[in-house]
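Visitor: Encoded as structure tokens, here's the structure I'll be asking about.
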Amino acid sequence: MGSSNSKPEDHVFDGSDTPTNSTREKSLEIRIQSRVESELQRLSSRESQILADLESKLSETDKKESEMGLGRDQVQAEIDSLKKKLENMPKMVKLDDNVEKARDEVVKCLRLNDQTPLNCYKEVEEFKNQTRRMEKEFVVRTVGREYP
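Structure below.
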């Protein structure tokens, strides 16, 4: 009765049945690398598709612009014509000596009478008269006739 049950049996474990930590880590690393690889391929194909779409849109836009006549040469010609128009427009004219003199008199009077600026009414009136005269000359030069 008792001799067979009391003997301890020797069990030998084979490592192929139960994974160890290192094999789990290796399999996890392989799965992660394969997912990263597939994600990179997906992003690369998506990027290629977006790039192709943009290139096709650009070529369509270029075709439309060439049909509308908005090419580089046309734009440059329009810029040149606008520059010529700008050159022909009246430019700022240097103040004549009478206006300069009247302005200087107003400034001088206001500095002398800084507490009582109303004492400079004569100088201010002379300056106004000179600027009106200059304004009329400008209108005649620009429009070609006097205004009332």
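For the sequence shown, the UniProt record's numbering assigns the number 1 to the initial residue and increments by one for each residue that follows.
Quick reminder that beta carbons are idealized off the backbone N, C-alpha and C, glycines included.
Remember, predicted model here, so these are calculated numbers, not experimental data.
Check this for me: beta carbons of N103 and F127, under 9 angstroms apart or not?
Guide: Position 103 of the sequence shown holds residue 103. Position 127 of the sequence shown holds residue 127. It is Arg, not Asn, that sits at residue 103 in the sequence shown. Yes, the pair counts as a contact, with Cβ atoms nearer than the cut-off.
Visitor: Excluding sequence positions up to five away, which residues of its chain have a Cβ less than 6 angstroms from the Cβ of E105?
Guide: The sequence position of residue 105 within the sequence shown is 105, counting from 1. Answer for E105: E123, listed in chain order.
Visitor: Counting only runs of 3+ residues fully inside the stretch 28–101, write out the beta strand (DSSP E) ranges in chain order.
Guide: Listed in chain order, nothing qualifies, since the stretch 28–101 has no complete beta strand (DSSP E) run of 3 or more residues.
Visitor: State the CB to CB distance for the pair V99 and Q130, rounded to an integer number of angstroms; the pair is presumed to be in contact (CB under 8 angstroms).
Guide: Along the sequence shown, one-based indexing puts residue 99 at 99. Along the sequence shown, one-based indexing puts residue 130 at 130. Yes, V99 and Q130 are in contact; Cβ-Cβ is about 5 angstroms, under 8 angstroms.
Visitor: In chain order, what residues of the same chain lie with their CB nearer than 7 angstroms to the CB of C120, ignoring the 5 residues before and after it?
Guide: Numbered from its first residue, the sequence shown carries residue 120 at position 120. Hits under 7 angstroms: V106, C109, L110 and N113.
Visitor: Any C-beta of chain C sitting closer than 9 angstroms to the C-beta of L112?
Guide: Looking for chain C here will not work: only one protein chain is present.
Visitor: To the nearest angstrom, how far is it from the Cα of L58 to the Cα of S34?
Guide: Within the sequence shown, numbered from 1, the residue matching residue 58 stands at position 58. Within the sequence shown, numbered from 1, the residue matching residue 34 stands at position 34. Taking the straight line joining both Cα atoms gives about 36 angstroms.
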